[in-house]
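Okay, so here's the structure we're looking at.
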Amino acid sequence: MAGHSKWANIQHRKGRQDAARSKLFSKLAKEITVAAKMGDPDPDKNPRLRLAVKEAKSQSVPKDVIERAIKKAIGGDAENYDEIRYEGYGPAGVAVIVEAMTDNKNRTASNVRSIFGKNGGNLGETGSVGFMFDRKGEVTYPASAGDADTVMMAAIEAGAEDVESSEDGHIIYCADSDLNDVSNALEAELGESESTKLVWKPTTTTELDLDGMQKLMKLVDALEDDDDVQRVTTNFEASDEVMAQL
Numbered sequence: 664m665a666g667h668s669k670w671a672n673i674q675h676r677k678g679r680q681d682a683a684r685s686k687l688f689s690k691l692a693k694e695i696t697v698a699a700k701m702g703d704p705d706p707d708k709n710p711r712l713r714l715a716v717k718e719a720k721s722q723s724v725p726k727d728v729i730e731r732a733i734k735k736a737i738g739g740d741a742e743n744y745d746e747i748r749y750e751g752y753g754p755a756g757v758a759v760i761v762e763a764m765t766d767n768k769n770r771t772a773s774n775v776r777s778i779f780g781k782n783g784g785n786l787g788e789t790g791s792v793g794f795m796f797d798r799k800g801e802v803t804y805p806a807s808a809g810d811a812d813t814v815m816m817a818a819i820e821a822g823a824e825d826v827e828s829s830e831d832g833h834i835i836y837c838a839d840s841d842l843n844d845v846s847n848a849l850e851a852e853l854g855e856s857e858s859t860k861l862v863w864k865p866t867t868t869t870e871l872d873l874d875g876m877q878k879l880m881k882l883v884d885a886l887e888d889d890d891d892v893q894r895v896t897t898n899f900e901a902s903d904e905v906m907a908q909l
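Residue numbers (my numbering): 664 to 909.
Next comes the structure, spelled out in structure tokens:
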């Protein structure tokens, strides 16, 4: 299985400290505020906001934090954020996409470049690694949602493109523009998803050994620790033996 679906398991095993959790909450709240500011503040009329709220709930963000983030956008006191994508290479030539929301482009670019440089990577031009990924909608369900055949049938009916089922659960992929419709249809069949979001899905992967994985995790952790960085995606591939040693 490619690395994109294993990364969550690494993070889960590492355990999220309170500091990392509060940082995650603030990033999810920022996405909600930006989505509400760009469109209708009613999640039912704003697909991007609906998905942002859904993702926040799946990460156990408290209801009052979600409501405050929406009110911030309605009240007009929300900062103006630019959405920027950075692309580069990590250790052993792994492709890395960094998605950021910032109120200061120069600060963010400087920080991201510095983090790449200090952790064995290098920042490239926009488009330098993007061709190795497809933009997709991703809906995840626990293994308890049903067996592989049940989930596959529900996914086909919902208009999804692909399903990866394992003992860890089910990952359903669809066209990025179909995510709202597909996730609604899946919810009607399988219940509440664990996660619903837009992702960069690798089309080619780079195999890493234990040393490479440890270096990559150091880079990703440092990037995710930056307040302006919303999400980091890589195209690593690693064997189960390597993953078990992390």
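For every residue, glycine included, the Cβ atom is placed at its ideal position computed from N, Cα and C.
N- and C-terminal bounds of the beta strand (DSSP E) containing residue i
i	result
Glu742	Careful: Glu742 lies outside any beta strand (DSSP E) and carries neither H nor E.
Leu861	858-865
Glu827	825-829
Thr896	892-897
Met764	758-765
Gly753	Per DSSP, Gly753 belongs to no beta strand (DSSP E) and is neither H nor E.
Whole-angstrom distance between residue j and residue i, CA atom to CA atom
i	j	result
Asp889	Asn774	8 Å
Asp910	Lys700	With the chain covering only 664 through 909, there is no way to say anything about residue 910.
Asp903	Arg713	35 Å
Thr867	Val792	10 Å
Val963	Ala848	With the chain represented from 664 up to 909, any question about residue 963 goes unanswered, as that position is not in the structure.
Ala772	Arg894	15 Å
Val905	Lys708	45 Å
Phe779	Leu873	20 Å
Glu855	Lys720	11 Å
Thr869	Lys693	32 Å
Nonlocal neighbours in the same chain, by C-beta distance under 7 Å from residue i, ignoring five residues either side
i	result
Gly784	Gly751, Tyr752, Gly753, Pro754, Val759, Leu882
Val697	Tyr744, Met764
Lys768	Asp745, Ile747
Contact belief for residue i with residue j at Cβ below 8 Å, rounded distance in angstroms
i	j	result
Ile737	Pro706	About 13 Å separates the two Cβ atoms, so there is no contact after all.
Gly809	Val845	No, Gly809 and Val845 are not in contact; Cβ-Cβ is about 16 Å, not under 8 Å.
Val716	Phe688	Incorrect: roughly 13 Å between the Cβ atoms, too far for contact.
Val761	Val892	6 Å
For residue i, the first and last residue of its enclosing alpha helix (DSSP H)
i	result
Val814	811-821
Thr771	768-781
Ala838	Counting along the chain, Ala838 falls outside any alpha helix (DSSP H), though it belongs to the beta strand (DSSP E) covering 832-838.
Beta-carbon contacts of residue i that lie in its chain and below 6 Å, excluding the five residues immediately before and after
i	result
Gly787	Glu750, Gly751
Ile835	Val802, Ala818, Ala823, Val826
Met664	Note that Met664 has pLDDT 36, beneath the 50 cutoff, so the model's placement of it is unreliable and no number is given.
Contact test: residue i Cβ vs the ligand SAH heavy atom, cutoff 7 Å
i	result
Glu850	Absent from the structure shown: the ligand SAH. Ligands present: none.
Cβ-based neighbour list, residue i, same chain, cut-off 8 Å, excluding 5 preceding and 5 following
i	result
Leu879	Gly753, Pro754, Ala755, Val757, Leu871, Thr897, Phe899
Query raised in the report: Within the chosen definition, does the region 853-868 reach the region 795-805 through at least 3 CB pairs nearer than 8 Å?
Result: They touch, by the three-pair rule.
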